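Structure record follows, encoded as structure tokens.
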Amino acid sequence: MNSLVLAGYEGTVWVGHRGPLPEWIIDRPGFDRSSSRLRVTTKLELRAIELNPPVSLNYYKPVLMQEILETHDPDAEAVSYLDPDMVVKCDWAAMRSWLFNDGIALVEDADWDMPASHPKRARWKAFFSAHGETPVRESDRYYNAGFICVARDRMQFLRTWERINERVAMESGSGLRERKSGGPEDLFHSTDEDALNFALTLCDIPLNAAGPEAMDFVPGGNCLSHAVGAAKPWQGHHLRRALRGKPPSVANQWFYRFADGPLKPFSRAMLARRRLSMMLAAALGRIWAGVAHA
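Under my numbering, the first residue of the sequence shown carries the number 781, and numbering increases by one thereafter.
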């Protein structure tokens, strides 16, 4: 949220949550408990939506996006979804010129190369053909499900993605809480992303896709930073992990650049400790990298 404020975003941010909102939101002056609204700045409002679907929220992304367009914000031109472990690094004006084109905005995943002839794609085609799903195009890229923007007049894709999510959750048996199923050799492993990537082959809507650098999966990006993985930056223990050979990623470091803003998830003292821990952990990571390349 803080990164969106600094990027210059104006409008509403819809926050879907399972369970209670954190105290640093509900205890902030101006939070309306009856409507779950918070005026973060004069130009940005947070609107919280409590969710309790019978599946993991990873599978619920297209449903929530449809609900926002159809019910919560019927005047919106488009809806963008961002995972909570992501920050926006560039000005919103630059983002807007990318997002509001005639297509679906996406970012390639860390493991982005997945040719149309890939054996797993062949297995997906065979599986879904038995359920009446026939691709209309091929794809050589694999996209991350942590960010997507869909215009209102392209909302039919969200219905397709929802349908494929339901089938994948049913087949993998991981519908309630988990997004990973089995191992990489299984038909569906990164289940919600596998569903997204197959759903994209079922439509002919143009794809406005950025490379993996757009999420800091590889160097050179300036749009978003996505702290993927089990260890999230807000959990702390950065130096401890670095001492165990797991230094913080670039995305974990970017998180703390926006940790102090209109919304304050940490006290001033805790934020200072976390930033110091992150700085030392990053320095230790550079030492490890230097030793590895010596």
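Even glycine gets a Cβ: it sits at the ideal position worked out from N, Cα and C. Only a predicted model underlies this, so the values are computations on that prediction, with no experimental measurement involved.
Problem - Cα-Cα separation, Arg1020 to Arg1066 - result: Arg1020 and Arg1066 have their alpha carbons spaced roughly 15 Å apart.
Problem - DSSP-derived helix/strand/coil call for Phe927 - result: Reduced to three states, the DSSP call for Phe927 is strand.
Exercise for the section: Can you tell me which of the three DSSP states Ser1005 falls into? Expected result: Correct three-state label for Ser1005: strand.
Practice task
Along the alpha helix (DSSP H) that carries Trp794, what are the first and last residues, could you check?
Solution key: Note, Trp794: premise wrong, no alpha helix (DSSP H); beta strand (DSSP E) at 791-797.
Practice task
Specify, as a first and last residue, the run of the alpha helix (DSSP H) that Glu803 falls within.
Solution key: That run of the alpha helix (DSSP H) goes 803-806.
Exercise for the section: Return the first residue and the last residue of the alpha helix (DSSP H) that Arg1021 is part of. Expected result: Membership of Arg1021 in the alpha helix (DSSP H) is indicated by the continuous run 1018-1023.
Exercise for the section: Measure the alpha-carbon distance for Ala931 versus Arg1054 and round it to whole angstroms. Expected result: In a straight line, the C-alpha of Ala931 is about 38 Å away from that of Arg1054.
Practice task
Go to Asp974, then tell me how far its alpha helix (DSSP H) extends in each direction, as first and last residue.
Solution key: DSSP places Asp974 in the uninterrupted alpha helix (DSSP H) bounded by 971-980.
Handout entry: Coil, strand or helix - Ser783 by DSSP
Key = DSSP places Ser783 in helix when its eight states are reduced to three.
Handout entry: Assigned secondary structure, Arg1037 (DSSP; H/G/I helix, E/B strand, else coil)
Key = Here DSSP, grouped into helix, strand and coil, assigns Arg1037 to coil.
Exercise for the section: Could you check what DSSP says for Ile884 in three-state terms: helix, strand or coil? Expected result: Secondary structure of Ile884 (DSSP, three-state): strand.
Practice task
Report yes if the C-beta distance between Val887 and Tyr923 is below 8 Å; otherwise report no.
Solution key: By the CB criterion at 8 Å, Val887 and Tyr923 fall inside the cutoff.
Exercise for the section: For my contact list, Pro842 and Leu938 are in at a C-beta cut-off of 8 Å; report their separation, rounded to the angstrom. Expected result: Going by Cβ atoms, the distance from Pro842 to Leu938 rounds to 4 Å, so yes, they are a contact pair.
Exercise for the section: Give me the Cβ distance between Leu831 and Arg798, rounded to the nearest whole Å; I'm assuming they're in contact under 8 Å. Expected result: The beta-carbon distance between Leu831 and Arg798, rounded to whole angstroms, is 5 Å. This is short enough to meet the 8 Å contact definition.
Problem - Burial state of Asp812 (16 or more Cβ within 10 Å) - result: With fewer than 16 other Cβ atoms inside 10 Å of its own Cβ, Asp812 counts as exposed.
Problem - Leu1056 classed as buried or exposed, judged by whether at least 16 other C-beta atoms fall within 10 angstroms - result: Leu1056 is exposed by the Cβ-count criterion.
Problem - Own chain residues within Cβ distance below 6 Å of Ala1074, not counting five before or after - result: With a pLDDT of only 49 at Ala1074, under 50, the local geometry of the prediction cannot be trusted, and the value read off the model is given with reservation. Nothing meets the Cβ criterion.
Practice task
With Asn838 as the anchor, note down where its beta strand (DSSP E) starts and where it stops.
Solution key: Taken as a continuous stretch (DSSP letters only), Asn838 belongs to no beta strand (DSSP E), as it is neither H nor E.
Problem - Per-residue DSSP class, three states only, for Glu946 - result: The three-state secondary structure of Glu946, taken from DSSP, is helix.
Problem - 8 Å CB neighbourhood of Gly788 in its chain, flanking five on each side removed - result: So the list reads Asp871, Trp872, Ala873, once near-sequence residues are dropped.
Handout entry: Residue interval of the alpha helix (DSSP H) (run including Arg903)
Key = First-last of the alpha helix (DSSP H) with Arg903: 899-909.
Practice task
Kindly list the residues whose CB is nearer than 7 Å to the CB of Tyr861, restricted to its own chain and excluding five residues on each side of it in sequence; keep chain order.
Solution key: The beta carbon of Tyr861 is closer than 7 Å to those of Lys841, Met845, Phe927, Ile928 in its chain, skipping five residues each way along the sequence.
Handout entry: Residue span of the beta strand (DSSP E) that contains Ser815, given as start and end
Key = For Ser815, there is no enclosing beta strand (DSSP E), as DSSP marks it with neither H nor E.
Problem - Option in Arg1048, Ala1039, Asp893 with minimal Cα separation from Leu786 - result: Ranking the options by Cα distance to Leu786, first place goes to Ala1039.
Problem - The alpha helix (DSSP H) enclosing Ala874, as first and last residue numbers - result: It spans 872-879 - the alpha helix (DSSP H) in which Ala874 sits, taken as one unbroken run.
Problem - Cβ contact (3+ pairs, closer than 8 Å) linking the stretch 885-904 and the stretch 1017-1033 - result: Counting Cβ pairs under 8 Å, fewer than three are found: no touch.
Exercise for the section: Could you check how far apart the C-beta atoms of Ala925 and Glu847 are, in whole angstroms? I think they sit under 8 Å. Expected result: The beta carbons of Ala925 and Glu847 sit about 18 Å from each other, so the pair does not count as a contact at 8 Å.
Practice task
Please say whether Phe968 and Glu951 have beta carbons closer to each other than 8 Å?
Solution key: For Glu951 and Phe968, yes; Cβs fall inside 8 Å.
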